[in-house]
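For reference, the structure discussed in these notes is given below.
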Amino acid sequence: MNFNSTVKGSLLEGFYPEGWDFEKIDGCCADGPEKTTQRQPFWNSGFSPVECGSVAEFDVKMGHEIANEIRKAAEQGHELAFILPVGPMGMYKWAVYFLKEWNVCCKNVWCFNMDEWADCDGNTIKGEASFENAMKTAFYDPLGSLTVPESQRNFATKDNLPSYPQKIAALKKDGAKLVLVYGIGRMCHIAFWEPHFGSEFDSDEEWRKQNYRLGAKLHPLTIEQNAITSFRSRTSLVPCRANTIGPGLMLQADYAIGGADGALSRGMQWQGMSFCMTLRYGPTRFVPSSYIPTLPGKLFYLKELAGPLCPDVN
Numbered sequence: 042m043n044f045n046s047t048v049k050g051s052l053l054e055g056f057y058p059e060g061w062d063f064e065k066i067d068g069c070c071a072d073g074p075e076k077t078t079q080r081q082p083f084w085n086s087g088f089s090p091v092e093c094g095s096v097a098e099f100d101v102k103m104g105h106e107i108a109n110e111i112r113k114a115a116e117q118g119h120e121l122a123f124i125l126p127v128g129p130m131g132m133y134k135w136a137v138y139f140l141k142e143w144n145v146c147c148k149n150v151w152c153f154n155m156d157e158w159a160d161c162d163g164n165t166i167k168g169e170a171s172f173e174n175a176m177k178t179a180f181y182d183p184l185g186s187l188t189v190p191e192s193q194r195n196f197a198t199k200d201n202l203p204s205y206p207q208k209i210a211a212l213k214k215d216g217a218k219l220v221l222v223y224g225i226g227r228m229c230h231i232a233f234w235e236p237h238f239g240s241e242f243d244s245d246e247e248w249r250k251q252n253y254r255l256g257a258k259l260h261p262l263t264i265e266q267n268a269i270t271s272f273r274s275r276t277s278l279v280p281c282r283a284n285t286i287g288p289g290l291m292l293q294a295d296y297a298i299g300g301a302d303g304a305l306s307r308g309m310q311w312q313g314m315s316f317c318m319t320l321r322y323g324p325t326r327f328v329p330s331s332y333i334p335t336l337p338g339k340l341f342y343l344k345e346l347a348g349p350l351c352p353d354v355n
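Mapping of the sequence shown onto our numbering: residues 42 to 355, in sequence order.
This is how it looks when you write it as structure tokens:
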């Protein structure tokens with residue numbers, strides 16, 4: 042019995058994105074780390090997964106990678122533009138640590154938060170749960186005098202998100218390096234660019250041109266993922282929409298720093314399938330993260346996410 046046969050006539054019929062081939066997904070998930078992370082023909086020659094044995098190791102390595110990009114830009118005297126996530130988050134404290142240890146100022150750094158909770162009209166939330174607050178608390182404020190100037194911090198508000206393409210284009214024209222920092226969602230989204238958006242476009246080429254979306258509808262599993270990871274399981278607190286950048290901006294990145302740390306207790310996890318799909322499914326608009334390996338960069342991951350993803354019999 043396969044998964045597709047059990048979906049028919051169930052409450053899950055029509056729930057998963059068009060274009061998801063579950064036999065192919067099972068093929069992505071069935072092997073162990075060595076085969077899961079084996080180089081694929083569609084990978085960029087500069088892309089590599091980096092195994093981490095613990096969350097502590099993951100946080101340090103990813104934080105160092107971010108900080109080192111800032112240090113190199115400062116030494117070389119050019120502008121640096123970051124597209125930044127709120128998830129994963131543990132790397133920011135280490136980025137701060139290294140930058141303060143090296144006494145590297147972020148005056149030449151421009152930051153663009155990739156998404157923010159919103160309503161259907163794109164009006165964003167304020168306060169403790171906002172991504173803007175999370176970035177200030179985790180990254181900007183702890184840097185003190187070395188921090189990114191406020192005028193160079195961009196958040197995905199209704200008024201500001203539409204200006205991202207022009208701002209990023211201007212920075213790149215002036216020689217700035219664009220670095221994408223990202224996590225991978227349960228539904229293989231990057232930022233909040235969801236897989237079901239793929240059905241709106243006739244081709245991947247058209248899909249790749251989309252720069253952003255206001256008030257994007259989130260997939261139910263994205264909402265549940267965030268209930269587990271950010272809201273202590275309280276689904277009623279998770280907004281059902283968000284503002285988000287799209288592939289038109291993500292795929293302009295000159296370098297990408299990714300993280301997959303979605304392991305829970307007792308051997309449970311939520312991110313293994315999406316991690317394996319990212320590496321092995323092959324580029325398609327119905328699996329947004331499948332385009333990640335086409336960019337140069339490093340994807341840090343916890344070893345247990347690389348499979349084999351088998352039933353728990355304990």
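Glycine included, each C-beta is placed from N, C-alpha and C at the ideal position.
Every value quoted in this text rests on a predicted model; they were computed, and no experiment measured them.
Legend entry - Between the CA atoms of D200 and G323 - distance to the nearest angstrom: 35 Å
Inset, instruction - Out of T285, C69, M130, Q79, point me to the one whose CA is closest to F180's CA. - result: M130
Inset, instruction - Report the three-state DSSP secondary structure of W84 (helix, strand or coil). - result: coil
Inset, instruction - Ignore the nearest five residues each way along the sequence and tell me which others in K331's own chain have a CB closer than 8 Å to its CB. - result: The residue asked about is misnamed: residue 331 is Ser in this sequence, not Lys. Hits under 8 Å: C229, M318, T319, Y322, G323, P324, T325.
Legend entry - Nearest-angstrom beta carbon gap, K339 and E365 [assumed within contact, 8 Å]: Look at the range of the chain in this structure, 42 to 355, and you will see that residue 365 is not part of it.
Inset, instruction - May I ask which residues mark the beginning and end of the beta strand (DSSP E) holding P156? - result: The sequence given here places Asp at residue 156; Pro does not occur at that position. Run containing D156: 156-159, per the beta strand (DSSP E) assignment.
Inset, instruction - Could you tell me whether the Cβ atoms of N154 and E173 are closer together than 8 Å? - result: yes
Legend entry - Close beta carbons around R275, own chain, < 7 Å, minus the five adjacent residues each side: A268
Legend entry - Backbone secondary structure at Q117 - three-state DSSP: helix
Legend entry - Cβ-based neighbour list, T335, same chain, cut-off 8 Å, excluding 5 preceding and 5 following: F83, W84, N85, F88, L292, P324
Legend entry - V127, buried or exposed, once every other Cβ within 10 Å from all chains shown has been counted against 16: buried
Legend entry - F272 at chain D interface by Cβ criterion, 8 Å: The structure shown has no chain D; it contains just one protein chain.
Legend entry - Residues near P280 in its chain [Cβ-Cβ closer than 6 Å; skip 5 each side]: W158
Legend entry - Beta-bridge pairing of S89 - partner residues as DSSP gives them: K339
Inset, instruction - Compare the beta carbon distance of V220 and L187 with 8 Å and say whether it is the shorter of the two. - result: no
Inset, instruction - Compute the distance between the beta-carbons of G60 and E120, then report whether it is under 8 Å. - result: no
Legend entry - Same chain, Cβ closer than 6 Å to Y296, five either side skipped, listed in chain order: V220, P337, G338
Inset, instruction - Using beta-carbon positions only, say whether L184 and C147 come within less than 8 Å of one another. - result: yes
Legend entry - Residue interval of the alpha helix (DSSP H) (run including Y133): 132-143
Inset, instruction - Could you tell me which residues DSSP puts in a beta bridge with V150? - result: L121
Legend entry - Collapsed DSSP secondary structure at I225 in the structure displayed: coil
Inset, instruction - State buried or exposed for R307, treating a residue as buried only when at least 16 other CB atoms are found within 10 Å of its CB. - result: exposed
Legend entry - Proximity of I209 and G299 at Cβ, strictly below 8 Å: no
Inset, instruction - Determine the burial state of T178: buried for a count of at least 16 other Cβ atoms within 10 Å of its Cβ, exposed for fewer. - result: exposed
Inset, instruction - Per DSSP, which residues does N218 bridge with? Please list them. - result: It should be noted that the sequence gives Lys, not Asn, for residue 218. Answer is L121, bridged to K218.
Inset, instruction - Tell me whether the beta-carbon of I286 lies closer than 8 Å to the beta-carbon of I166. - result: no
Legend entry - Cβ-Cβ distance between M103 and F341 below 8 Å: yes
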